[in-house]
Amino acid sequence: MTKCIIRILVLSIILVPPIVKAQIKKIGVPFITNYNPKTYKAASENWDVLQDSKGMMFFANHFGIMQFDGVRWSIVTQPENKSMVRSLAIDKKDKMYVGAQGDFGYAIQLPNGQYQYTSLVKLLPESARNFGDVVHTVILNNEVIFFSYEEIFIYKNNKIKVVKSNAKLDDFFEVNKEIYVLDNAKGLLQLKNNALTAITNSDQFAGMKIRKIFETKNGLLVLTQKNGLFTFKDNQLKPFVTEADNVLKQNQISTGIQLSDGYFGIGTRQSGLIVIDGLGRLIQHINKQMGLQNDYVTNLKVDKEGNLWVTLKEGISLIQISSPLSRVLDTSNSETKIYCSQIYQDKLYIATDNGLFWMDWLSYKNGKHENANFQHVSGMSENVWNIGVFGSSLLAFEKNGIFEVSGNSAKLVAKTDGAWKGILVPNHPDLLIVGGYNGMYLLKKTNNTWVYQNKIKGFEESSRVIETDKNGDFWVAHGYKGIYKIQFNKTFDAVSKVEFYNQKNGFPSSLFLNTFKIDNQILFGTTKGVYKQDSHSKKMIPEPVFKKYLGMENHIRLLKSDNQDNIWYVSGENTGKITKNSNGSFEVEELPFRKLRYLYVPGFENIQTTASGDVFFGTQDGLIHYNTIKNKQYQTKYKAVISEVKCIFPKDSLLFSSRFDVLPNKTKEACEEISNVLSHSHNALHFSFSSLFYDEADATKYEYWLEGFEPKWSEYSLQTEKEYTNLPENEYVFHVRAKNIYDMVSEEAVFRFEVLPPWYRTIWAYILYLILYSVVIYFIVRYQKSLAERDRQQLILNQEKELLRSRAELNEQRLTLEQENMAIVHENLQTTINLKNAKVASNTVNLIHLNEILLSIKELIGQMDKKNDANVNFSLLTKINKLIDHELQGDKHWNEFEEIFNQLHDNFMQRMKTTYPELTPRDMRLCAYLRMNFNTKEIAPLLGISVRGVEDTRYRIRKKLQLPSDANITEFILNF
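This is the structure:
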């Protein structure tokens, strides 16, 4: 036995690294996040995993290289032959080297986010191109080594050296910058100077099926597939005994990892993940039963945050091995709520809404998980609200009453309408006050057994939260009414005094009040901080210490002290611990408990502490354990990333994306031509972003800011996408940063782009506008000049017109005067004419009368002649008759008449004579009389002829005037 102990101590010295950063928890199962194929939408099998310098995760998937940015999964590239990817490696410049099935090469990210794969097989001679899976890819000393079962390919300076073996190679290992190769025939070989050389006693390893080799300070630790673990030191191979040997040998080791804290993670084919320490002690066994989604582990990788990524035959799991929190019982899938927990007689009891359960805590804590499972305590299947140790007894308070628990069974102590909680009466350890649904009950301890006494009279309120002060008074908190201070009579069978406190007494609200006992002082949890009662005024006032450290804005849901004088609290959604320092100051710690946000059962927050430092949190997702020994770094740096940028219009017009085959530009040269200068028709953009922080990634919040469009950062939210529409022309920078559950803000990610103006607002358009403007101005000026000239001409014209008008007015005035003068003259002329006309008419009438008289005389003379009267002097009558004829044909009167007539009728006689020269003087006279509108009878005497003679004369004149038969001679002469 002593030799065995010495051997273990020696091995521990050999295997444990000198620097131990932290310890992996042994109690409980670490938080596990499972990603199944439906989640990442690719093949179920994953063979390798790596993380680039930014923190991005990449996986070797059957469909290609798969990327995870904390929010989105995507295949980013594939080998040229479209085969599955088996291995990955990455250099300091984030150039990924890829081993695939029958192919290998490298992938680089282009400026548009796409990954371009380049096959290196073309550098091989034809004879070396027939190989299978490249299962390992390693970067070492500026060389990239691709390992297949047939050949080893060493890539350097764009050349490939091929290393072959006579036998089939089994596996490949990198150990402290040394390369080892397992040859089925020769055993363990070492790759040096591009050649395989057998190590000393290499044949010891022949046929062992080694899956991993780790270097320790004084030797190698060898993991075999079926034979467990061995140590190799001084050329001697010896078995390394562990507490997990049976599991490891029966379930076949598939891979392994040397953890930074000195432990070893071992993946198996049939039983998940096993973690052992340097002494071979079993620390964790995480399999499908414990939350892993598949038991076949293909690879392991620890990321920058200390999380362990496990690639599986079906799916991927993230195990948070660095967290001080772990699950003792996972009820996230069973909808079981835990209201309270208690360790009693080395058993862990939990009160749930499905009854009371227990587990052998001592065995579980010592790592014997297979023998420690929660079992139901018979006798209770309803809501168990609370459990507590009172004296030497464990009591449970349930919906149907009060129970005393012993082992895995419980007996009913008192049947009530419901029991919430029990509390011992100060200075009376044999009396127990139990708060119920409708008042309180009294129990008394008799013969080491609690016995129901009676219901306490005088108080009928629900008494779920009860505390006692140093004076022996009881404080009861009612969540919807207020706080009751109660005093009992001496026999504790009735209430003697009740005082009630609510918002009127100083509380910020009467709702959601709680009462707690801290350092023998009664405190009150409110919706606005911690309060206490002022000893003088009896008013409720803020408690100064808690006001300083917890503030006055959060709902205080729980305060609880432990045996180390720490104060545990639940404030709002945050859980924390207040530790008192030696100098009297206090230190608040919240970050380790951020995972507990939103997990508590509202109103039933519970924290249970033990003397050994174990802390239990009862939640809706099970019982969570915390150990202060486990230290995790929460203030680690990480990056926010912009996953994808696309224009909304046209649809799916991507500008930046790592998703495979979503962008047309697949060459570096094409991508160099890509510009983030967008036409105005592409002014609606959609951004997708995430953070490369994987611990509770769903709870990471983001803020963003589009510089050039928004004045400031947005509020933090869980939103991982943002779109902008109708962006005006400008240069923009989209900023995004994340804040994880530990309130650490990430490094900022930016995307710069420019939206060009529409064509009508481009520089060329403005030049055109300038030209058009100049042309328009030119024509406007020209037009204005023409208008001015026209106005000047118009002015001149107007002036001329005005002058002419003035002249015209003068002329008109003169003409008016002339017309007036002419009118006067005309009037005078008219008067003269009228006088002359009157004279002519008078003379004509007189002439007619005279001629008629003369004709009458002549006719009488003629008659006298006919009668031959002897008394008549015929000679005298003849003379008289001649004289009459002479008068009738005389021109004296006619000449005078013609002169006046021509004056009155515009030289009528002269014009007629000129126009018709064949007219005789008699004809002219007849025409003159006709113009004066005389009729035939009036004309005959004037001509000294008969009426018939006048008619004949008229007829002759018509002919001379050549008038048609239907023409009126009188009208013709009047109009001539």
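At the far end of the sequence shown sits residue 956, using this note's numbering, and the numbering has no gaps. All C-beta atoms in this analysis are idealised placements derived from N, C-alpha and C, irrespective of residue type, glycine included.
In whole angstroms, what is the alpha-carbon distance linking residue i and residue j?
i	j	result
L954	F914	11 Å
L422	M360	21 Å
Q793	P897	46 Å
K1	V730	Only weak support is given to the placement of K1: the predicted model assigns it a pLDDT of 44, under 50, and the value that follows is read from those uncertain coordinates. The alpha-carbon atoms of K1 and V730 are separated by roughly 35 Å.
E154	E676	33 Å
F337	P582	21 Å
S99	S637	22 Å
V228	T248	According to the sequence as given, residue 228 is Leu; it is not Val. Using only the alpha carbons, I get a separation of about 7 Å.
A889	K940	Looking at the sequence provided, one finds Met at residue 889 rather than Ala. Near 15 Å, if we compare the C-alpha coordinates of K940 and M889.
N948	E798	39 Å
I254	G8	14 Å
K424	G415	14 Å
K5	N287	13 Å
T471	F439	15 Å
I436	S476	11 Å
N645	R109	Reliability fails at N645, whose pLDDT of 47 lies under 50, so the model's placement of it is uncertain and the value that follows must be treated cautiously. About 29 Å.
K612	L239	14 Å
I263	E106	50 Å
T1013	L923	No answer is possible for residue 1013: it lies beyond the span of the chain, which begins at -19 and ends at 956.
Q942	R928	21 Å
E649	R732	Any reading at E649 must be qualified, since the residue scores a pLDDT of 47, below 50, and its modelled position is unreliable; the value itself is stated next. Computed Cα separation, rounded: 20 Å.
P921	T796	46 Å
E652	K75	In this predicted model, E652 has a pLDDT of only 45, less than 50, meaning its place in the structure is not dependable enough to derive any value.
E294	L162	27 Å
P488	K508	6 Å
A394	T332	20 Å
G486	M520	5 Å
In the DSSP assignment, find the alpha helix (DSSP H) that holds residue i and state where it starts and stops.
i	result
T705	From DSSP, T705 is part of no alpha helix (DSSP H); its letter is neither H nor E.
E154	It is not in any alpha helix (DSSP H) - E154 instead sits in the beta strand (DSSP E) that spans L149 to V155.
R938	V927 to L941
Y95	First-last for Y95: Y95 to S99, but that is the beta strand (DSSP E), not the alpha helix (DSSP H).
K917	T916 to L923
P522	Not the alpha helix (DSSP H): P522 falls in the beta strand (DSSP E), residues M520 to P522.
K18	P17 to Y20
I276	According to the sequence as given, residue 276 is Tyr; it is not Ile. Taken as a continuous stretch (DSSP letters only), Y276 belongs to no alpha helix (DSSP H), as it is neither H nor E.
E951	I949 to N955
R911	P901 to R911
Where do the N-terminal and C-terminal ends of the beta strand (DSSP E) with residue i fall, by residue?
i	result
Q216	Q216 to F220
K213	L209 to K213
T957	Missing from the structure shown is residue 957; the chain here goes from -19 to 956 and no further.
D225	First-last for D225: D225 to N231, but that is the alpha helix (DSSP H), not the beta strand (DSSP E).
L411	H408 to G416
D163	E158 to D163
Q170	G167 to K172
G419	G419 to T426
Between residue i and residue j, how many whole angstroms is the CB-CB distance? I'm expecting something under 8 Å.
i	j	result
L579	T599	4 Å
A165	A178	Not really, about 10 Å apart at Cβ, beyond 8 Å.
N428	S343	No, N428 and S343 are not in contact; Cβ-Cβ is about 28 Å, not under 8 Å.
S54	R639	4 Å
Q269	P10	That belief does not hold up - the Cβ atoms of Q269 and P10 are roughly 15 Å apart, past 8 Å.
V625	F689	About 15 Å separates the two Cβ atoms, so there is no contact after all.
G199	K213	3 Å
Report yes if the C-beta of residue i is less than 7 Å from at least one heavy atom of the ligand PLP; otherwise report no.
i	result
K617	Absent from the structure shown: the ligand PLP. Ligands present: none.
Open item on the list: Give the list of continuous alpha helix (DSSP H) stretches no shorter than 4 residues that lie fully inside the region 302 to 367.
Closed with: 341 to 345
- [ ] Kindly provide the ranges of any beta strand (DSSP E) runs that are 3 or more residues long and lie completely inside the region 675 to 722, ordered along the chain.
- [x] 681 to 687, 701 to 704 and 710 to 719
Open item on the list: I want to know whether the region 562 to 572 touches the region 276 to 290 - three or more CB-CB distances under 8 Å.
Closed with: no
Open item on the list: Within 8 Å, do at least three Cβ pairs link the region 119 to 131 to the region 67 to 87?
Closed with: yes
- [ ] Return the chain-ordered ranges of every alpha helix (DSSP H) run that is complete within the region 444 to 518 and spans a minimum of 4 residues.
- [x] none
- [ ] Decide yes or no for the touch test of the region 737 to 751 against the region 712 to 721: beta carbon pairs closer than 8 Å, at least 3 of them.
- [x] no
Open item on the list: Please give the ranges of any beta strand (DSSP E) in the region 566 to 643, keeping only runs that are unbroken, at least 3 residues long and fully inside the region.
Closed with: 566 to 569, 586 to 589, 594 to 599, 602 to 607, 620 to 627 and 633 to 637
Open item on the list: Whether or not the region 457 to 471 and the region 494 to 504 are in contact is what I'm after, with contact meaning three or more pairs of Cβ atoms, one per stretch, closer than 8 Å; do they touch?
Closed with: yes
- [ ] Pair every Cβ in the region 369 to 388 with every Cβ in the region 400 to 416, then say whether three or more of these pairs are closer than 8 Å.
- [x] yes
- [ ] Would you be able to state if there are at least three C-beta pairs under 8 Å between the region 443 to 459 and the region 404 to 413?
- [x] yes
TODO: Entirely within the region 68 to 141 and at least 3 residues each: give me those beta strand (DSSP E) ranges in chain order.
DONE: 76 to 80, 84 to 89, 95 to 99, 114 to 120, 123 to 128 and 131 to 136
Task: Contact the region 14 to 22 vs the region 317 to 325: 3+ CB pairs below 8 Å - done: no
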